[in-house]
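One structure is given here, and the rest of the page talks about it.
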Amino acid sequence: GAKLGLHDEL
Amino acid sequence: MNIFRLCGDMSHLAAIIILLLKMWKTRSVAGISGKSQILFATVFTARYLDLFTSFISIYNTCMKVFFIGTVYFTIYLIYMKFKATYDSNHDSFRVEFLIVPVGGLAFLVNHEFAPLEIIWTFSIYLESVAILPQLFMISKTGEAETITSHYLFALGSYRALYLCNWIYRYYAEGFFDLIAVVAGVVQTILYCDFFYLYITKVMKGKKISLPA
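Protein chains in written order, with our numbering: chain A, 1297 to 1306; chain B, 707 to 918.
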């Protein structure tokens, strides 16, 4: 699974 | 969002609140490393540059604002308001030995060679070692106030819970971020010695005093 382009974690 | 990440964020929030309470109630920053707080401020500033450009959720935005606001307030307390109680002699870790290698590594190992991504990677790597000046200071003073131990336990638990979050996200969403996971493992390992002391001593009402 690719990493989200957008970092959605703090 | 999942329970592990929520608990992780709450643990991180608790750590920051414990630290602020310790400083405000005792009106002292004794035993607290200003250098670690400066590194944390760098981590949050670098990581949350997208605060105004990408909206994830109200929760995400509020937490980012709170983390950035409190870390700079902490630095204000250490270096200005309660400066007289800041123990700079024991807070002597050479942070340039962290920032330079971490900065170089962020350039070499990242997901995308783009400014924002390299800065984000820098913040991830820096966070994994940002606690070292604080742990170094405790090893030099040979002890930690109980409230400081609670702060460190909550702070160490936050990233350990994030490791659980990443395991969950891998199986539930196929999400996987090797850089964050490796840095998170390093960060958590750095607390292991402290976790041992915390569980064997602080939980029994004793103070942490080194050498153990």
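Beta carbons are placed, not taken as given, at the ideal position from N, Cα and C, and that holds for glycine. Note that this is a predicted model, so its numbers are computed, not measured.
Please tell me whether residue i has its Cβ less than 8 Å away from any Cβ of chain A.
i	result
residue 730 of chain B	no
residue 715 of chain B	yes
residue 711 of chain B	yes
Could you check what DSSP says for residue i in three-state terms: helix, strand or coil?
i	result
residue 739 of chain B	coil
residue 915 of chain B	strand
residue 879 of chain B	helix
residue 849 of chain B	strand
residue 931 of chain B	This structure does not reach residue 931 of chain B, given that chain B is present from 707 up to 918, and the question cannot be answered.
residue 720 of chain B	helix
residue 819 of chain B	coil
residue 733 of chain B	coil
residue 899 of chain B	helix
residue 1304 of chain A	coil
residue 707 of chain B	coil
residue 907 of chain B	coil
residue 837 of chain B	coil
residue 713 of chain B	helix
Classify residue i: buried if its beta carbon has 16 or more other beta carbons within 10 angstroms, exposed otherwise.
i	result
residue 803 of chain B	exposed
residue 795 of chain B	exposed
residue 859 of chain B	buried
residue 833 of chain B	buried
residue 759 of chain B	exposed
residue 868 of chain B	buried
residue 744 of chain B	buried
residue 709 of chain B	exposed
residue 826 of chain B	buried
residue 910 of chain B	exposed
residue 782 of chain B	exposed
For residue i, verify whether its CB is less than 7 Å away from any heavy atom of the ligand HEM.
i	result
residue 788 of chain B	The ligand HEM is absent from the structure shown, which contains no ligand whatsoever.
Closer than 8 Å, CB to CB, is residue i near chain B or not?
i	result
residue 1305 of chain A	yes
Name, going along the chain, the residues of the region 757-790 of chain B whose beta-carbon falls closer than 8 Å to a beta-carbon of chain A.
760, 762, 766, 769, 770 and 773
For the region 852-866 of chain B, which residues have a beta carbon sitting closer than 7 Å to at least one beta carbon of chain A?
none
Residue ranges of each alpha helix (DSSP H) run of no fewer than 4 residues wholly in the region 766-817 of chain B, ordered along the chain?
802-814
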